[in-house]
Amino acid sequence: MCGADFESVSIHDEGVMVNLLDNDRFQRVCFQPVSDDEGTPLVRFFHHTHEQAGTGQSGTPGGRVP
1304 MCGADFESVS IHDEGVMVNL LDNDRFQRVC FQPVSDDEGT PLVRFFHHTH
1354 EQAGTGQSGT PGGRVP
């Protein structure tokens, strides 16, 4: 999706909420709109760890992606 390594992918069809401010595991999530074989709209999430996002640990200087 964004060209960066990612740890996992999830697909959601409803009830999506993202809070990375207090997340010790993931620094960044990239979103990609997709649809299934029946045309149902979905959102694919690519979960990037702090290391994969090239940032420090959560709460450290430079630890956030603008």
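Using our numbering, you'd call the opening residue of the sequence shown number 1304 and step up by one each time. C-beta atoms are modelled at their ideal positions from N, C-alpha and C, and glycine is treated no differently.
Taking 8 Å as the limit between beta carbons, can you name the residues of its chain near residue i, skipping five residues before and five after?
| i | result |
| --- | --- |
| VAL1312 | ARG1347, PHE1348, PHE1349 and HIS1350 |
| SER1338 | PRO1344 and LEU1345 |
List the residues that DSSP assigns as beta-bridge partners of residue i.
| i | result |
| --- | --- |
| PHE1329 | THR1352 |
| VAL1312 | PHE1349 |
Just verifying my parser: in three-state terms, what is the DSSP assignment at residue i?
| i | result |
| --- | --- |
| VAL1346 | strand |
| PHE1334 | strand |
Leaving aside the five residues before and after residue i along the sequence, list all residues of the same chain whose C-beta is less than 6 Å from its C-beta, in chain order.
| i | result |
| --- | --- |
| ASP1316 | LEU1345 |
Using a Cβ-Cβ cutoff of less than 7 Å, which residues in the same chain neighbour residue i once the five nearest sequence positions on both sides are dropped?
| i | result |
| --- | --- |
| PHE1309 | PHE1349, HIS1350, HIS1351 and GLN1355 |
| VAL1319 | VAL1346 |
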